[in-house]
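Here's the structure, in structure tokens; my notes come after.
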Amino acid sequence: MPHSVINAINIHYRDQGNSDRRVLVLIHGLGCSLQYWDCLFNAAALSHSRILAIDLPGFGFSEKPEHYDYQLPSQSRLIFDILQRLQIRTFDLVGHSMGGTIAILMALQKPQRVRRLVTIEPNLLATHAQLSRRIAQYTEDAFIDAYEEFRLSVINTVKGWFVKLRQQHVNDYISHLSRTTAISMYRSARSLLQETSEPGLAGALKHIALPRSLILGEESVQMRSSTIPEELRDSSVDTIVVPGVGHMMMVDNPDLFTHTVAQALQ
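Written as structure tokens, this is what we have:
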């Protein structure tokens, strides 16, 4: 897959489809990578689109520089720089979990560039970000020292993200964490909590002046613990609750997930 040096950082991405087609930009969550979007790249319903997925700096096969701040606003600006390099002007934007939060920040920053915004289990409030809150209990230096132990200790947290739990699902995520540095995890998690602190981003999502969808898993821990934020009830945000899936719905039921995203983009 191609790489591009953006702001002195080597960024790994996957770009599929003709450049003159409708563009779909995908942003993954904390500790994940573009591989979690594989089912969308293989979807017949999206074959009419050009699809671009990015490994955020510090994740997947992108470079992981210690000097980078890994703040979510910095990551949103970097994605815009990638899009400029690839000569992509307007696009549909899809983000999962932390990627959904970054997608909201991008739509707030340059709404004229985003045709449609689809957020999947986004972290709208700090209470949604269970893993990040756990990381934030450490100082940065302490987290770096404890990272290997932490990486193996998150199994119980990760298990709650899946409905159709298989050990391979947990192993895959733990494997992704092995390609992620302690610094990128820590700084991203702290920034996520900062961006979603009170009043959170539900109000921002409600008022962004473009078509928006909020996709939630019926069995998600996030859905059960906090339900739909009050600001989004009876709003123009198209809220879709997907039956029988959890936070990692692209793993729980790839076909239903793909169908839901394709419908949200219509």
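Sequential numbering of the sequence shown, starting at 2, is according to the numbering used here.
The C-beta atom is built at its ideal place from N, Cα and C for all residues, glycine as well.
All of these numbers come straight from a predicted model, not from anything done at the bench.
Inter-residue spacing [alpha-carbon to alpha-carbon] between residue i and residue j
i: ALA104; j: ASP146; result: 31 Å
i: PRO3; j: LEU47; result: 21 Å
i: HIS177; j: ALA210; result: 35 Å
i: ASN124; j: ASP39; result: 22 Å
i: ILE89; j: MET250; result: 28 Å
i: SER226; j: GLY100; result: With a pLDDT of only 46 at SER226, under 50, the local geometry of the prediction cannot be trusted, and no value is derived from it.
i: SER63; j: SER185; result: 11 Å
i: VAL155; j: ALA108; result: 31 Å
i: ALA130; j: GLU199; result: 13 Å
i: ALA183; j: LEU132; result: 13 Å
Coarse secondary structure for residue i, derived from DSSP in three states
i: GLY185; result: Just to set this straight, residue 185 is Ser in the shown sequence, not Gly. If DSSP states are grouped into helix, strand and coil, SER185 belongs with the helices.
i: GLN72; result: coil
i: ALA54; result: strand
i: ASP21; result: coil
i: HIS29; result: coil
i: VAL164; result: coil
i: ASN43; result: coil
i: PHE258; result: helix
Closest residue to residue i among the options (Cα-Cα distance)
i: PRO74; options: MET250, GLN110 and GLU122; result: GLN110
i: GLY204; options: SER237, SER98, HIS248 and SER77; result: SER237
i: ALA274; options: ALA44, MET250 and PRO66; result: The requested residue 274 does not occur in the structure, where the chain is confined to residues 2 to 267.
i: VAL26; options: LEU206, ARG234, THR120 and PHE60; result: THR120
i: VAL164; options: THR181, GLY18, ASP253 and ARG23; result: ASP253
i: GLU220; options: PRO212, ALA54 and ILE241; result: ILE241
Cβ-Cβ separation, residue j to residue i (assumed contact under 8 Å), whole Å
i: GLU122; j: LEU31; result: Not quite, the Cβ-Cβ distance comes to about 12 Å (not below 8 Å), so this is no contact.
i: THR102; j: LEU202; result: 7 Å
i: SER20; j: ASP56; result: Wrong, their Cβ atoms sit about 21 Å apart, outside the cutoff.
* **Every unbroken alpha helix (DSSP H) within the region 191-245, with a cutoff of 4 residues, ordered by chain** => 203-208 and 222-227
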